[in-house]
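J.:
Numbering (UniProt numbering), first residue to last: 1 to 352.
(1) What are the start and end residues of each continuous beta strand (DSSP E) run of 3 or more residues lying completely inside the region 77 to 103, in chain order?
(2) Count the CB pairs spanning the region 173 to 188 and the region 247 to 254 that are closer than 8 Å, and state whether there are at least three.
(3) Take residue 85 as the anchor and find which of 288, 35, 155 has the nearest alpha-carbon.
(4) Between the C-alpha atoms of residue 266 and residue 53, what's the straight-line distance to the nearest angstrom?
(5) In the structure shown, what three-state DSSP assignment does residue 315 receive?
(6) Are at least three pairs of beta-carbons, each pair with one atom in the region 25 to 37 and one in the region 60 to 78, less than 8 Å apart?
(7) Tell me the rounded alpha-carbon separation between residue 325 and residue 285.
(8) Using the three-state DSSP reduction, which class does residue 150 fall into: helix, strand or coil?
(9) When burial is assigned at 16 or more other CB atoms within 10 Å of the CB, is residue 331 buried or exposed?
(10) Put residue 212 into one of helix, strand or coil per three-state DSSP.
(11) Mapping the DSSP letters down to three states, classify residue 61 as helix, strand or coil.
(12) The alpha helix (DSSP H) that contains residue 256, what's its start and end?
(13) Out of 225, 314, 128, 140, point me to the one whose CA is closest to residue 340's CA.
(14) By the DSSP assignment, the beta strand (DSSP E) with residue 159 in it spans what residues?
(15) Could you pull out every residue in the same chain whose Cβ sits closer than 8 Å to the Cβ of residue 255, ignoring the five residues on either side in sequence?
(16) Along the alpha helix (DSSP H) that carries residue 170, what are the first and last residues, could you check?
(17) Going by C-alpha to C-alpha distance, which of 74, 149, 80 sits closest to residue 365?
(18) Going by alpha carbons, who is nearest to residue 344 out of 273, 229, 235, 317?
(19) Is it the case that the region 210 to 220 contacts the region 140 to 147, given that we only count it when at least three CB pairs across the two stretches are under 8 Å?
(20) Count the other CB atoms within 10 Å of the CB of residue 18; is the residue buried (16 or more) or exposed (fewer)?
(21) Out of 153, 30, 140, 91, state which residue places its alpha-carbon closest to the alpha-carbon of residue 56.
(22) Ordered along the chain, which non-local residues of its own chain (more than five positions away) have a Cβ less than 7 Å from that of residue 431?
(23) Are the region 26 to 35 and the region 116 to 124 touching by the rule of at least three beta carbon pairs closer than 8 Å?
(24) In angstroms, rounded to a whole number, what distance separates the CA positions of residue 137 and residue 157?
(25) Identify, in the order they occur along the chain, each residue of the same chain with its Cβ nearer than 7 Å to the Cβ of residue 78, setting aside the five sequence neighbours on each side.
(26) Here's a check: name, in chain order, each residue in its chain whose Cβ is nearer than 8 Å to the Cβ of residue 59, leaving out the five neighbours to either side.
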């Protein structure tokens, strides 16, 4: 069996290939050109935590725009690879854990699992981080299949990304916003670029920006619709999940996920309770109790404590934070944006 530390660190192999001085200078020149282009984009300093730049119709965290350009020009996944995609705060951590544990279930025992000592984000880093090193990662050295993760909208991915299988997880925008609000509020002291950490986050102002489409990797609805429409065009390549449905029946949804990823559970595994074991290992409450996810020393990019990614994870928690007027506004926007697409959130809507 592979060791925990070896597997969690295997993405570092992307940067260990020998490079000539010419390679280094070429990459540096390309990244400099990305930064030059980035400097010319519209920027919004009002979003808390970090500045956003408007790039190809979406608001991208400014620090990731050069990486986004690098992904567009150099991300070339294999057909066997899997790409996990979410809007921020839509169940990303849970999806990473489930996918990682499912794909590698024959490599690790539950008592000696990488998720016990590594956060899901350490096991499966974002593409935006892999392409932020001012040198292009050599993804060909990674095992096949490899799971990648991103928050990027479909329209910002290269055509090559459509060759691999894509798993998209969406969440009710009301719960997404509330989760995002709390995440940003708790993270301001350790990660903020320009926001004063002496004041709490203004809920009304943040809500207004989100509802207008100004949020990290937003507009939220355009992000979601891009992948939804692609899942209708190519269901064999894009699997579209709802967070609420996965929470309601995680066992059957995980079986569907495994089948889509090309590693279906055998009848023997189902009989032996392997699916249920993975669901339990990766449950929100279980992950939150692992010591590695209680870390307050800054385990995400060396800044954010791992505990920042675990709050409640509950469906419908928005009722404890949003006024009825706010809920109605988001539901009305959602109904308008998704009209005619076949995608709805009617079961959780307060708007008839």
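The beta-carbon is built from N, C-alpha and C at its ideal position, and this holds for glycine as well.
T.: Taking the definition as stated:
(1) DSSP runs (the beta strand (DSSP E)) wholly in the region 77 to 103: 82 to 86.
(2) Cβ pair count under 8 Å is below three, so no.
(3) With distances taken between Cα atoms, residue 85 lies closest to 155.
(4) So the alpha carbons of these two residues sit roughly 46 Å apart.
(5) Correct three-state label for residue 315: coil.
(6) Touching, yes.
(7) Rounded to the nearest angstrom, the two C-alpha atoms are 31 Å apart.
(8) In this structure, residue 150 counts as strand in the three-state DSSP scheme.
(9) So residue 331 counts as buried.
(10) In this structure, residue 212 counts as coil in the three-state DSSP scheme.
(11) Of the three classes helix, strand and coil, the one that applies to residue 61 here is strand, per DSSP.
(12) Segment 250 to 261, the alpha helix (DSSP H) holding residue 256.
(13) If we check each option's Cα against that of residue 340, 225 comes out closest.
(14) Element bounds for residue 159: n/a, residue is neither H nor E.
(15) Cβ neighbours of residue 255 beyond the five flanking positions: 264, 265, 270, 275.
(16) No alpha helix (DSSP H) holds residue 170; the beta strand (DSSP E) holding it covers 165 to 170.
(17) Outside the displayed span of the chain (1 to 352) sits residue 365, for which this structure offers no information.
(18) Out of 273, 229, 235, 317, 229 has the C-alpha closest to the C-alpha of residue 344.
(19) Not touching, per the Cβ criterion.
(20) Its Cβ having fewer than 16 others within 10 Å, residue 18 is exposed.
(21) For the residues 153, 30, 140, 91, the minimum Cα distance to residue 56 belongs to 153.
(22) A query on residue 431 cannot be resolved here, the shown segment of the chain reaching from 1 to 352 and no further.
(23) The region 26 to 35 is not in contact with the region 116 to 124.
(24) If I take the Cα positions, the gap works out to 16 Å.
(25) If we look at residue 78 and ignore the five residues flanking it on each side, its Cβ neighbours are 144, 164.
(26) Here residue 59 has 44, 47, 52, 53, 213, 214, 215, 216, 217, 218, 219 as same chain residues with Cβ atoms under 8 Å from its own Cβ, once five neighbours each way along the sequence are excluded.
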